[in-house]
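Participant:
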């Protein structure tokens, strides 16, 4: 085994041993099948107290209402501006998300991307004061690099917006935009000055990328079945089971948030996804590798 | 200029000079924007006398009717089995395509992929006797490699089926499956033996990937605008214009089929796409680089 040089932030234990064993047998996997998929929120970066994407849209909304105060009267916007979780829950996450997506209707993708990058540069996490995109898990970054060294293609499969994650995926994770699979919006091709100009619509395409949709969308976007999948919530269960149902070497990894000291301690429930059992129970039943943030990681966030 | 070692199958002339100039200025393009997109049929490989994908489905259909002779009575299948172009045209390409896609309903993606590979191994082009996947254009393969050497990500953006092209894209073009953007089918997640099993449906997802759809689908699948686009038909016009409407360096390349000796001579018309003018006229109007197969290429197909 490569020992100390690989996965340095992983403590000796079952999780580290399972990962090193998988990296060891990876040479037996045909190169074209070396595909690893990672959920994003709560798997690669911190998702508490809110999804970074929700805070991005709230930030954008605050900017928007300074020009257009009438937006305050829209129920969905009112709830987000006041951080009123009860009102958001009553309206439903999909309706709130749709209203927020509409803030960028008619704008070019490059505009959206620039706004996302400005958000990450200008705002700070409410508890740690760090940039949101610094709150990635160092042990998971080490896993990404170790897999790349073994010829793997790493992809992100997120319930969040595809374009939101793409705006920072290369810089934060070393993952190219086409290797981010998330919830999609649709585009319209317009010709405002005779030239083709692609702009965002206010509609998502297909369902939210959670649960079984993740499995379908991996095939649609990436064209093959992963041999490693990592997640942290019930919305990742189908993806992990799918990756782990191959005959050859495969690995399903569940990140458990049990570290109130260094991150957060909570039981994962997917935003829009009703699971029949806690995902930790699914993991135990199906023999997935479970990661305790508290016990398995020497470091949570990379040093600045 | 790198001279003789780059693009050896391209004769001295305007097209070669334009490509070398673009490769020269590529260093000025931010690495994250070095995206090049290529139509497939008629741009990277031969599309005559039929699209290889149509011949694949006809081949599959011939196998299917030996087990199920009743399939002969389906109008769409009857037309394909008899190569009856008039009947196919009367039924409409979309209706014929839908019927052919249904041949694989309920099958796993790995089954479809294996059938495509068997087709390429077992069948030969009716005029040349070559394998279909040997009838790729050597000068275009050289362009792919020259772009890679400059840090470009090469992608295929085809009106054909995404999964059909993905089955051979790595081996034939050195392009990973997630970098193939085509017409998509939808999948169903089933649980036949309690395990999640992904199978093909009989429905396509969204419209055929031609014309404006190519521009939207590039954004949806790849997340950024290409700076080089190559095509050969009216269905590629929007994609080429989109790539070429950047302020920085960009290149739009149109392959003209004027070589009846070594390939075919024909005016390109997209299967389902009604253009307002011949695509060569669009190219002249917008200043795209036009490639004459007869004059610009010393070789068409790679030597065995």
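Residue numbers (the numbering used here), protein chains in the order written: chain R, 80 to 383; chain H, 80 to 383. All C-beta atoms in this analysis are idealised placements derived from N, C-alpha and C, irrespective of residue type, glycine included. Remember, predicted model here, so these are calculated numbers, not experimental data.
Taking 8 Å as the threshold (C-beta atoms), are residue 306 of chain R and residue 328 of chain R in contact?
Facilitator: What you label residue 328 of chain R is simply residue 249 of the first chain in a count that begins at 1. What you label residue 306 of chain R is simply residue 227 of the first chain in a count that begins at 1. Yes, the pair counts as a contact, with Cβ atoms nearer than the cut-off.
Participant: What residues in the segment 210 to 233 of chain H have a beta carbon less than 8 Å from any beta carbon of chain R?
Facilitator: Correct list: 232.
Participant: For residue 256 of chain H and chain R, any beta-carbon pair shorter than 8 Å?
Facilitator: Here residue 256 of chain H corresponds to residue number 177 of the second chain, with the count starting at 1. It does: the Cβ of residue 256 of chain H has a partner Cβ on chain R nearer than 8 Å.
Participant: Over the uninterrupted beta strand (DSSP E) stretch that includes residue 335 of chain H, give me the two end residues.
Facilitator: Taking the second chain and counting its residues from 1, the one referred to as residue 335 of chain H is at position 256. First-last of the beta strand (DSSP E) with residue 335 of chain H: 330 to 337.
Participant: Would you mind sorting residue 169 of chain H into buried or exposed? The rule is 16 or more other CB atoms within 10 Å of its CB.
Facilitator: Reading the second chain from its first residue, position 90 is the one you call residue 169 of chain H. Exposed: under 16 other Cβ atoms inside 10 Å.
Participant: Identify whether residue 130 of chain H lies in helix, strand or coil by the three-state DSSP scheme.
Facilitator: Stepping through the second chain from its first residue, residue 130 of chain H is reached at position 51. Residue 130 of chain H falls in the coil class under three-state DSSP.
Participant: Along the chain, where does the beta strand (DSSP E) containing residue 309 of chain H start, and where does it finish?
Facilitator: Along the second chain, read from residue 1 onward, the residue named residue 309 of chain H stands at position 230. Here the beta strand (DSSP E) through residue 309 of chain H covers 307 to 310.
Participant: Evaluate the contact criterion for the segment 125 to 140 of chain R versus the segment 260 to 274 of chain H: three or more CB pairs, one atom per stretch, below 8 Å.
Facilitator: Because the criterion of three Cβ pairs below 8 Å is not met, the segment 125 to 140 of chain R and the segment 260 to 274 of chain H do not touch.
Participant: I need the boundaries of the alpha helix (DSSP H) containing residue 296 of chain R, first residue and last residue.
Facilitator: Along the first chain, read from residue 1 onward, the residue named residue 296 of chain R stands at position 217. That run of the alpha helix (DSSP H) goes 291 to 301.
Participant: In the DSSP assignment, find the alpha helix (DSSP H) that holds residue 281 of chain H and state where it starts and stops.
Facilitator: Position 202 of the second chain, counted from the start, is the residue given in the question as residue 281 of chain H. Where residue 281 of chain H is concerned, there is no enclosing alpha helix (DSSP H), although the beta strand (DSSP E) it sits in stretches over 276 to 284.
Participant: Would you call residue 308 of chain H buried or exposed, if buried means 16 or more other Cβ atoms sit within 10 Å of its Cβ?
Facilitator: The residue given as residue 308 of chain H occupies position 229 in the second chain. So residue 308 of chain H counts as buried.
Participant: Using three-state DSSP, classify residue 88 of chain R as helix, strand or coil.
Facilitator: Along the first chain, read from residue 1 onward, the residue named residue 88 of chain R stands at position 9. In this structure, residue 88 of chain R counts as coil in the three-state DSSP scheme.
Participant: By Cβ distance below 8 Å, which residues in the same chain neighbour residue 86 of chain R in space, the five residues on each side in sequence not counted?
Facilitator: If you number the first chain from 1, residue 86 of chain R lands on position 7. Taken in chain order, the residues that qualify are 95, 98, 99, 218, 221, 222, 225.
Participant: Please name the residue in R:335, R:380, R:166, R:174 whose C-alpha comes closest to that of residue 372 of chain R.
Facilitator: Counted from its first residue, the first chain places residue 372 of chain R at position 293. That would be R:335, whose Cα lies nearest to the Cα of residue 372 of chain R.
Participant: Using a C-beta cutoff of 8 Å, does residue 363 of chain R count as contacting chain H?
Facilitator: Here residue 363 of chain R corresponds to residue number 284 of the first chain, with the count starting at 1. Not one chain H Cβ lies under 8 Å of residue 363 of chain R.
Participant: Run the CB neighbour count on residue 377 of chain H, radius 10 Å, all protein chains shown included, and call it buried at 16 or more, exposed below.
Facilitator: For this step, residue 377 of chain H is matched to residue 298 along the second chain. Under this definition residue 377 of chain H is an exposed residue.
Participant: Touch check for the segment 200 to 207 of chain R and the segment 154 to 168 of chain R: three-plus C-beta pairs under 8 Å?
Facilitator: In short, these stretches do not touch, since the Cβ pair count stays below three.
Participant: Any idea if residue 104 of chain H is buried or exposed, counting beta-carbon neighbours within 10 angstroms, 16 or more meaning buried?
Facilitator: Taking the first residue of the second chain as 1, we reach residue 104 of chain H at position 25. By the neighbour-count rule (16 or more Cβ atoms within 10 Å), residue 104 of chain H is not buried but exposed.
Participant: Out of curiosity, what's the CA-to-CA distance linking residue 345 of chain R and residue 337 of chain R?
Facilitator: Position 266 of the first chain, counted from the start, is the residue given in the question as residue 345 of chain R. Position 258 of the first chain, counted from the start, is the residue given in the question as residue 337 of chain R. Roughly 7 Å separates the two Cα atoms.
Participant: At 8 Å on the CB atoms, spell out the chain R contacts of residue 275 of chain H, in chain order.
Facilitator: Looking up residue 275 of chain H in the second chain gives position 196. What residue 275 of chain H touches in chain R: 291, 294, 317, 320, 321, 324.
Participant: In chain R, what lies closer than 8 Å to residue 242 of chain H by C-beta?
Facilitator: Sequence index remark: in the second chain, residue 242 of chain H carries index 163 (1-based). Going along chain R in sequence order, the residues near residue 242 of chain H (Cβ under 8 Å) are 302.
Participant: Which residues, taken in chain order from the segment 107 to 127 of chain H, show a beta carbon closer than 7 Å to some beta carbon of chain R?
Facilitator: Cβ contacts with chain R: 111.
Participant: Distance cutoff 8 Å, beta carbons only. Does residue 345 of chain H sit that close to anything in chain R?
Facilitator: Translated into the one-based positions of the second chain, residue 345 of chain H becomes position 266. Not closer than 8 Å to any Cβ of chain R, the Cβ of residue 345 of chain H fails to qualify, so no.
Participant: Residue 116 of chain H lies in the beta strand (DSSP E); which residues open and close that run?
Facilitator: On the second chain, position 37 is the one that residue 116 of chain H refers to. From DSSP, the beta strand (DSSP E) with residue 116 of chain H extends over 114 to 117.
Participant: Residue 298 of chain H CB to nearest chain R CB: under 8 Å?
Facilitator: What you label residue 298 of chain H is simply residue 219 of the second chain in a count that begins at 1. Yes, because at least one Cβ of chain R sits closer than 8 Å to the Cβ of residue 298 of chain H.
Participant: Buried or exposed, going by whether 16 or more other CB atoms sit within 10 Å of the CB of residue 164 of chain H?
Facilitator: As a working note, residue 164 of chain H is residue 85 in the second chain. Its Cβ having fewer than 16 others within 10 Å, residue 164 of chain H is exposed.
Participant: Which residues mark the beginning and the end of the alpha helix (DSSP H) in which residue 250 of chain R is found?
Facilitator: Reading the first chain from its first residue, position 171 is the one you call residue 250 of chain R. Looking at the DSSP string, the run of the alpha helix (DSSP H) that includes residue 250 of chain R is 241 to 252.
Participant: Can you grab the Cα-Cα spacing for the pair residue 136 of chain H / residue 91 of chain H, in whole Å?
Facilitator: As a working note, residue 136 of chain H is residue 57 in the second chain. As a working note, residue 91 of chain H is residue 12 in the second chain. Roughly 40 Å between the two C-alpha positions.
Participant: Count Cβ pairs between the segment 278 to 292 of chain H and the segment 235 to 245 of chain H that sit closer than 8 Å; are there 3 or more?
Facilitator: With a cut-off of 8 Å, the segment 235 to 245 of chain H and the segment 278 to 292 of chain H count as touching, because enough Cβ pairs lie within range.
Participant: Assess contact between the segment 179 to 195 of chain R and the segment 139 to 152 of chain R, defined as three or more Cβ pairs (one per stretch) separated by less than 8 Å. Is contact present?
Facilitator: The segment 179 to 195 of chain R vs the segment 139 to 152 of chain R: in contact.
Participant: Name the residue from R:341, R:340, R:357, R:342 whose alpha carbon lies nearest to the alpha carbon of residue 348 of chain R.
Facilitator: For the purposes of this step, residue 348 of chain R is identified with residue 269 of the first chain, where counting begins at 1. Cα-wise, what sits closest to residue 348 of chain R is R:357.
Participant: Name, going along the chain, the residues of the segment 176 to 190 of chain H whose beta-carbon falls closer than 8 Å to a beta-carbon of chain R.
Facilitator: If the cut-off is 8 Å between Cβ atoms, the segment 176 to 190 of chain H has 188, 189 near chain R.
Participant: At the 8 Å Cβ level, is residue 259 of chain H part of the contact set with chain R, yes or no?
Facilitator: Here residue 259 of chain H refers to the residue found at position 180 when the second chain is read from its first residue. Chain R, which has a Cβ nearer than 8 Å to the Cβ of residue 259 of chain H, makes this yes.
Participant: Roughly how many angstroms lie between the CA atoms of residue 331 of chain H and residue 231 of chain H, to the nearest whole one?
Facilitator: Walking along the second chain from the start, residue 331 of chain H turns up at place 252. Walking along the second chain from the start, residue 231 of chain H turns up at place 152. Between residue 331 of chain H and residue 231 of chain H, the C-alpha separation is close to 15 Å.
Participant: Among R:189, R:229, R:162, which has the Cα closest to the Cα of residue 107 of chain R?
Facilitator: For the purposes of this step, residue 107 of chain R is taken as residue 28 along the first chain, with counting starting at 1. The shortest C-alpha separation from residue 107 of chain R is found at R:229.
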